[in-house]
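There are 4 protein chains.
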Amino acid sequence: MKELKDTTEVLIRFNEADPLGIVWHGHYIRYFEDGREAFGKKYGIGYLDFFKENVVVPIVHAECNYKKSLKFGDSVVVETIYEPCEAAKINFRFNLYKASDRTLVATGRTTQVFLDKDTQTLLLNNPAFFEEWKQKFVK
Amino acid sequence: MKELKDTTEVLIRFNEADPLGIVWHGHYIRYFEDGREAFGKKYGIGYLDFFKENVVVPIVHAECNYKKSLKFGDSVVVETIYEPCEAAKINFRFNLYKASDRTLVATGRTTQVFLDKDTQTLLLNNPAFFEEWKQKFVK
Amino acid sequence: MKELKDTTEVLIRFNEADPLGIVWHGHYIRYFEDGREAFGKKYGIGYLDFFKENVVVPIVHAECNYKKSLKFGDSVVVETIYEPCEAAKINFRFNLYKASDRTLVATGRTTQVFLDKDTQTLLLNNPAFFEEWKQKFVK
Amino acid sequence: MKELKDTTEVLIRFNEADPLGIVWHGHYIRYFEDGREAFGKKYGIGYLDFFKENVVVPIVHAECNYKKSLKFGDSVVVETIYEPCEAAKINFRFNLYKASDRTLVATGRTTQVFLDKDTQTLLLNNPAFFEEWKQKFVK
Chain Y
1 MKELKDTTEV LIRFNEADPL GIVWHGHYIR YFEDGREAFG KKYGIGYLDF FKENVVVPIV
61 HAECNYKKSL KFGDSVVVET IYEPCEAAKI NFRFNLYKAS DRTLVATGRT TQVFLDKDTQ
121 TLLLNNPAFF EEWKQKFVK
Chain S
1 MKELKDTTEV LIRFNEADPL GIVWHGHYIR YFEDGREAFG KKYGIGYLDF FKENVVVPIV
61 HAECNYKKSL KFGDSVVVET IYEPCEAAKI NFRFNLYKAS DRTLVATGRT TQVFLDKDTQ
121 TLLLNNPAFF EEWKQKFVK
Chain H
1 MKELKDTTEV LIRFNEADPL GIVWHGHYIR YFEDGREAFG KKYGIGYLDF FKENVVVPIV
61 HAECNYKKSL KFGDSVVVET IYEPCEAAKI NFRFNLYKAS DRTLVATGRT TQVFLDKDTQ
121 TLLLNNPAFF EEWKQKFVK
Chain A
1 MKELKDTTEV LIRFNEADPL GIVWHGHYIR YFEDGREAFG KKYGIGYLDF FKENVVVPIV
61 HAECNYKKSL KFGDSVVVET IYEPCEAAKI NFRFNLYKAS DRTLVATGRT TQVFLDKDTQ
121 TLLLNNPAFF EEWKQKFVK
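Residue numbers (UniProt numbering), protein chains in the order written: chain Y, 1 to 139; chain S, 1 to 139; chain H, 1 to 139; chain A, 1 to 139.
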């Protein structure tokens with residue numbers, strides 16, 4: 001089984017660095033989202049693709065391990081890896097690298113579930129279009 | 001005619017200060033919004049009050065003049081002053097002070113218009129409930 | 001041993017809610033920081049207290065489990081609990097509640113380490129003032 | 001005299017749109033900064049170029065006129081135009097366009113002054129390197 005992966009680069013904004021001169025830790029959650037969206041565009045499962053299917057995919061778990069700091073002037077390379085699972089969930093793993101020298105600066109993961117957009121109820125099974133997506137890309 | 005005014009205090013967050021150790025200028029727009037919301041709560045014209053009337057009040061103009069810097073550890077006092085006008089608009093003026101010594105750090109203003117929430121069309125006259133509000137508070 | 005805890009309330013800003021009308025998940029990391037800072041003010045170990053001792057305390061791990069959504073108009077109650085540990089680290093646990101009905105909306109934790117502010121090197125032992133703090137408050 | 005201009009494109013992030021589904025007005029200030037930075041990279045006067053010269057260039061005035069809304073899924077084209085002036089200031093004008101159809105969505109301007117980085121005192125004349133820059137590019 002091949003690993004589904006996307007790599008995208010994000011420019012660090014001046015206002016994302018804090019008084020210590022380093023990127024504030026909360027922004028890494030944003031870089032993960034940038035990674036998920038780039039992955040979603042590449043493989044057809046972005047937020048807007050889900051909306052069209054009347055499904056929303058809220059985050060139920062997010063975590064980040066910070067290894068090195070990032071500074072204003074750096075760019076961050078976001079590697080987003082889809083982690084297959086049996087349950088009605090979407091799991092991604094992330095590796096963040098400093099663009100200039102490819103130092104690993106952080107790792108993380110997020111878990112999303114499926115909600116019916118109108119009723120906001122949890123879907124206990126994968127929506128049909130996502131099952132098809134898995135058939136096409138994951139297996 | 002009396003001046004309609006609200007004063008609220010906002011704690012500056014660590015992540016709102018930039019690598020120069022001072023609050024990033026973009027956040028002042030947020031403090032203006034904090035001021036408008038505090039004003040809205042006090043006088044019954046917050047965002048949610050407008051929603052109930054099927055009206056949204058987007059910003060069409062915002063400006064800020066920066067006089068002194070704010071640091072992490074400071075609190076900012078936001079003075080929000082309603083500026084009456086004939087047109088179907090809402091104008092506010094803002095004065096931001098450092099809480100500790102009441103130094104004036106910035107002034108600004110915003111203008112909002114009325115849109116029908118469903119059709120997103122511009123209302124050329126004040127909505128009835130806002131006209132009533134003006135009768136009650138502004139004259 | 002008594003549990004060291006702080007409880008603070010944070011008003012949700014309009015711009016913290018996303019197109020789904022609910023607070024964007026990344027902002028919870030900010031509420032954790034609001035909680036840590038309120039705890040730090042109460043017990044004398046805020047960011048600025050560390051700076052004075054020439055120590056910075058970067059986050060090396062953060063995680064959040066999302067259980068319910070928050071909306072604009074809600075306030076969030078942040079419960080911050082200090083978790084004692086032997087290592088040269090600071091661990092906090094967080095419980096976020098919707099202020100109106102005390103529903104638990106999220107739980108999380110963060111880990112911080114100590115760096116010398118000038119050399120940016122990791123301190124392998126607790127700084128003296130933090131050891132004193134632990135003697136005073138934790139034991 | 002030729003007009004100095006840069007055009008850059010910024011992807012709108014999910015978390016930049018508010019509960020009305022449109023980009024929160026405060027983020028436009030950020031797009032202006034993205035524009036200034038892209039201009040600065042192109043012409044050698046980014047924040048970091050100033051730092052190297054021991055000069056910081058804080059914003060003293062910012063304003064934005066909002067004409068149309070932007071949605072998540074849109075990209076915004078930021079046109080940044082340098083406006084020559086005699087005083088020791090940097091003035092930029094901005095035009096924001098929706099990338100898909102080039103609708104003008106907002107206009108704005110910012111003014112920056114020069115401060116000595118160490119003393120934080122206002123420079124009443126252009127720093128030498130900026131005077132050279134003007135000789136080279138503006139005249």
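In this text, a Cβ means the ideal position worked out from N, Cα and C, and glycines have one as well.
**Q.** Under 9 Å by beta carbon: chain H residues contacting V56/Y
**A.** L20
Q: Take D74/S and list the residues in its own chain whose beta-carbon comes closer than 7 Å to its own, dropping the five residues that flank it on each side.
A: I12, K98, A99 and S100
Q) Is the Cβ-Cβ distance between I59/H and T110/H less than 7 Å? A) yes
Q | K136/A to Y43/A span [Cα, whole Å] | A | 10 Å
Q: Ignoring anything shorter than 3 residues or poking outside the segment 81-115 of chain Y, list the beta strand (DSSP E) runs there in chain order.
A: 89-98 and 104-113
Q: Check whether the Cβ atoms of V105/Y and K67/Y lie closer than 7 Å to each other.
A: yes
Q.
Quick test of your reading: R30/A and N15/Y, contact by CB under 8 Å. State the CB separation rounded to the nearest angstrom.
A. 7 Å
Q: Indicate whether L124/Y and A88/Y have their beta-carbon atoms separated by less than 7 Å.
A: yes
**Q.** A62/H: first and last residue of the uninterrupted beta strand (DSSP E) it sits in
**A.** I59 to Y66
Q | Among D118/S, H27/S, E132/S and V56/S, the one whose alpha carbon lies nearest that of N65/S | A | H27/S
**Q.** Runs of alpha helix (DSSP H) wholly within the segment 12-79 of chain A (minimum 4 residues, chain order)
**A.** 27-43 and 47-52
Q | N-terminal and C-terminal residue of the alpha helix (DSSP H) that K134/A is part of | A | A128 to F137
Q. How long is the line joining the alpha carbons of E37/S and R102/H, rounded to whole angstroms?
A. 23 Å
(Q) Let me see if you follow: with CB-CB separation under 7 Å, is F14/A close to chain Y or not? (A) yes
Q: Return yes when the Cβ of V78/A is within less than 7 Å of the Cβ of D34/A, no when it is not.
A: yes
Q.
For a test of the three-state rule: what should DSSP assign to E9/Y, helix, strand or coil?
A. strand
Q: Output yes or no for whether 7 Å exceeds the beta carbon distance between L115/H and V56/H.
A: yes
Q | Bridge-paired residues (DSSP) for L122/H | A | L115/H
Q: Whole angstroms is fine: what's the gap from F72/H's alpha carbon to F51/Y's?
A: 21 Å
Q) Apart from the five residues on each side of it in sequence, which residues of its chain come closer than 6 Å, Cβ to Cβ, to G40/S? A) G46
Q.
Counting C-beta neighbours from all protein chains within 10 Å, is the total for T119/S 16 or more, i.e. buried, or is it exposed?
A. exposed
Q: Spatial neighbours of E63/S within its chain, please: CB distance less than 7 Å, with the 5 preceding and 5 following residues excluded, ordered by chain position.
A: G108 and R109
**Q.** Exposed unless 16 or more other CB atoms sit within 10 angstroms - verdict on V138/Y
**A.** exposed
**Q.** Under 7 Å (Cβ pairs) to chain H, residues found in the segment 50-81 of chain A
**A.** F72
**Q.** L96/Y and V23/Y closer than 7 Å at C-beta
**A.** no
(Q) Give me, in chain order, the residues of the same chain whose beta-carbon lies closer than 8 Å to that of H25/Y; leave out the 5 immediate sequence neighbours on both sides. (A) C64 and Y66
(Q) Among the candidates H61/S, C85/S, L20/S and F32/S, whose CA atom is the shortest distance from the CA of V8/S? (A) The sequence shown places Thr at residue 8/S, rather than the Val named in the question. Ranking H61/S, C85/S, L20/S and F32/S by Cα distance to T8/S puts F32/S first.
Q | Nearest to C85/A (by Cα), restricted to the options K134/A, E53/A and P127/A | A | K134/A
Q. When you compare only the Cα positions, how much space is there between N54/Y and Q112/H?
A. 40 Å
Q: Assuming T80/S contacts K2/S (C-beta within less than 8 Å), just tell me the rounded distance between them.
A: That pair is no contact at about 15 Å.
Q: Report the neighbours of A106/Y on chain S: residues whose CB is nearer than 7 Å to its CB, in chain order.
A: Under the 7 Å cutoff, chain S gives no residues; its nearest Cβ is about 17 Å from A106/Y.
Q.
So with CB distances below 9 Å, who are the chain A contacts of L48/Y?
A. F72 and G73
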